[in-house]
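Encoded as structure tokens, the structure appears first; notes follow it.
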Amino acid sequence: MSDTAVPASRWTEATDPMCLPAGVQAALLADAPWTRYAVMGDSIAEGIGDPSPGYTTAPWADRVAGALRATHPDLAYLNTGRMGATSGQVVETQLSTVLEFAPDLIHITCGSNDLWSGRPDLRRTAGNLESLFASARATGATVTTLTLADAFVGDDMLALRDGVMAVNDLVRTLAADYDAVLLDLWEHPLRLRPELLSADRIHFTMTGHAVLATEMVRALHARMSRAVGPLREQ
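Numbering (the UniProt record's numbering) for the sequence shown: 1 to 234.
So this is what it looks like as structure tokens:
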């Protein structure tokens, strides 16, 4: 997958080589078993980001819900993500709401806001994340997560890079331990796009949300294929 052929400013969602058309995304999830989709976490979960010319203004998780709903019109969708939420706040204020919703597909993204503390405690972050993953997986739901992309700019953000790498490593380990669908964005070519970040230089624009949604749909399709593989071989 190349991000160099055409400058990002010349693309629209319809021509972006990293985006799948809505109909294709829906087709990939046509046989999805999930009927209740919940997302919890921080601003990434909530879907913060500036508009992008030529792209629908819709956060990535809303897009994934839309792809599922295309062939599952009764899909129930809940997003409790909140900008600025730490991993501890997600445990304290979002987890119970998500569990009460009784989802069969749960996304978890948080941990990076813990690094803004004057003295970040990665051990505490790890404990909070494990509580989230363990609680979600114990319901029998499919769990998804992601790592942050290496798209840091500015001295303030660059200072957090090592911490984000550490949080990403925690997420990778927990994804493996709890059989979660992992979307690893750290080295994704999306990170090189000059128009990827919003005016705050932190959150993805809708360009990034569109690509993220496509990649999550692909990851969910891959999980579905893994699940039915042995049946097809019998």
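Don't be surprised by glycine CBs; every beta carbon is placed ideally from N, CA and C.
None of the values given here were measured: they were computed from a predicted structure.
Give the straight-line distance between the Cα atoms of residue i and residue j, rounded to the nearest whole angstrom.
| i | j | result |
| --- | --- | --- |
| Val-167 | Val-91 | 16 Å |
| Trp-186 | Cys-110 | 15 Å |
| Ala-159 | Pro-73 | 44 Å |
| Thr-125 | Asp-114 | 7 Å |
| Gln-94 | Tyr-178 | 20 Å |
| Ser-135 | Val-181 | 16 Å |
| Gly-41 | Ala-22 | 25 Å |
| Ala-32 | Leu-68 | 7 Å |
| Val-24 | Glu-215 | 12 Å |
| Ile-202 | Ala-151 | 8 Å |
| Ser-43 | Met-18 | 23 Å |
| Ala-176 | Pro-120 | 24 Å |
| Pro-59 | Gly-118 | 30 Å |
| Leu-105 | Leu-20 | 21 Å |
| residue 255 | Ala-14 | This structure gives no information on residue 255, because the portion of the chain shown stretches from 1 to 234. |
| Gly-127 | Leu-197 | 30 Å |
Please state whether the Cβ-Cβ distance between residue i and residue j is less than 8 Å.
| i | j | result |
| --- | --- | --- |
| Gly-49 | Thr-12 | no |
| Val-217 | Leu-28 | yes |
| Gly-47 | Ala-61 | yes |
| Val-64 | Leu-78 | no |
| Arg-172 | Thr-147 | yes |
| Ser-112 | Thr-205 | no |
| Ala-70 | Ala-26 | yes |
| Glu-130 | Leu-174 | yes |
Quick one: what's residue i bridged to in DSSP?
| i | result |
| --- | --- |
| Val-143 | Ile-106 |
| Arg-36 | Ala-76 |
| Leu-184 | According to the sequence as given, residue 184 is Asp; it is not Leu. Answer is Thr-147, bridged to Asp-184. |
| Leu-197 | Phe-204 |
| Gly-41 | Thr-109 |
Quick one, which of the options has its alpha-carbon nearest residue i's?
| i | options | result |
| --- | --- | --- |
| Arg-161 | Arg-172, Pro-59 and Ala-149 | Ala-149 |
| Leu-220 | Ala-30, Ser-112, Asp-16 and Gly-23 | Ala-30 |
| Pro-189 | Ala-199, Leu-170, Leu-212 and Leu-174 | Leu-212 |
| Leu-132 | Arg-119, Ser-117 and His-107 | His-107 |
| Ser-87 | Thr-144, Trp-116, Glu-100 and Ala-102 | Trp-116 |
| Trp-34 | Gly-66, Thr-56 and Ala-14 | Gly-66 |
| Thr-145 | Leu-170, Thr-57 and Arg-36 | Leu-170 |
Pull up the CB-CB distance for residue i and residue j, whole angstroms please, since I reckon it's below 8 Å.
| i | j | result |
| --- | --- | --- |
| Thr-142 | Arg-223 | 7 Å |
| Ala-45 | Gly-81 | 3 Å |
For a cutoff of 8 Å on Cβ pairs, would you count residue i as touching chain B?
| i | result |
| --- | --- |
| Ile-106 | Given the protein chain composition of this structure (a single chain), no chain B is represented. |
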